[in-house]
Each structure stands twice: as structure tokens, then as C-alpha cells.
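The block underneath contains the structure these notes are about, expressed in C-alpha cells.
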Amino acid sequence: MAESWTVQRAGPGDAARTQAREQLLEAARELYGVNGYRATAEHDVCAAAGVPVEVLRQEYGSREGLLIALHNRVTTTGLRAAENALLVDGIEDRSIA
Numbered sequence: 001m002a003e004s005w006t007v008q009r010a011g012p013g014d015a016a017r018t019q020a021r022e023q024l025l026e027a028a029r030e031l032y033g034v035n036g037y038r039a040t041a042e043h044d045v046c047a048a049a050g051v052p053v054e055v056l057r058q059e060y061g062s063r064e065g066l067l068i069a070l071h072n073r074v075t076t077t078g079l080r081a082a083e084n085a086l087l088v089d090g091i092e093d094r095s096i097a
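The numbers in this note's numbering rise by one with no breaks, and the one at position 42 of the sequence shown is 42.
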């Protein structure tokens with residue numbers, strides 16, 4: 001059975017969407033770090049990011065989805081830093097990810 005593929009091209013709205021996602025992640029990182037996840041509401045994150053709540057829901061589905069995306073970002077960044085530290089120390093044959 002043949003699969004159907006759709007090619008998506010980058011459009012003018014992609015940059016704004018990427019920027020909104022980054023603003024939400026940064027605002028969540030800051031607010032969750034200061035206030036904690038449970039004490040930070042969707043509207044708090046959106047106000048700090050300068051985007052409507054609808055954007056958070058469209059991009060991440062929910063506050064929980066945003067937390068998962070932030071967790072993935074932090075984990076990936078940490079793993080890359082650890083791998084780079086190993087490479088600097090000359091341990092090139094061992095990859096962390």
C-alpha cells in the first residue's frame with residue numbers, strides 16, 4: 001500500500017511561529033524555576049511570553065505539553081554538553097545520545 005506524503009514548505013508565518021514557541025519555552029523556564037510548575041498558570045506563561053493562550057494550546061496542546069517540551073529541551077541541552085565535554089577530553093568513541 002502506497003503512503004501519501006505531503007511536502008510542507010516554509011512560509012512567512014513559520015518564523016513567527018518559531019519565535020512564539022521559543023518565547024513560551026523561555027517564559028516557562030523562568031516562571032517554573034521561580035514559582036514552580038503548579039503555581040504557574042497558562043495565562044502567566046503566555047503573559048510573560050507576550051502571546052495569547054490560544055498560541056500555547058495550538059503549539060503545545062496544554063500546560064503539560066509545554067512542560068514536556070521544556071523538559072526535552074533541557075535534557076537534550078544537558079546531553080549535548082556532556083557529550084561535548086567527553087569529546088574535549090579525548091573520549092571520541094563514546095556517544096551519549
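Glycine included, every Cβ here is placed at the ideal spot set by N, Cα and C.
- Ranking Gly-13, Asp-14 and Ala-41 by CA distance to the CA of Leu-66 puts Ala-41 first.
- Per DSSP, reduced to three states, the secondary structure at Arg-38 is coil, with no helix or strand assignment.
- Excluding its 5 nearest sequence neighbours in each direction, Ala-48 has C-beta neighbours in its own chain below 8 angstroms: Ala-27, Glu-30 and Leu-31, listed in chain order.
- If you ignore the 5 residues before and after His-43, its C-beta comes within less than 7 angstroms of the C-beta of Val-53, all in its own chain and listed in chain order.
- Cα atoms of Thr-75 and Ala-69: separation of roughly 10 angstroms, rounded to the nearest angstrom.
- Assigned with DSSP and collapsed to three states, Gly-61 falls in coil, not helix or strand.
- Taking a 10 Å sphere around the C-beta of Ala-20, we find 16 or more other C-beta atoms and assign the residue as buried.
- Between Leu-86 and Arg-73, the alpha-carbon positions lie close to 20 angstroms from each other.
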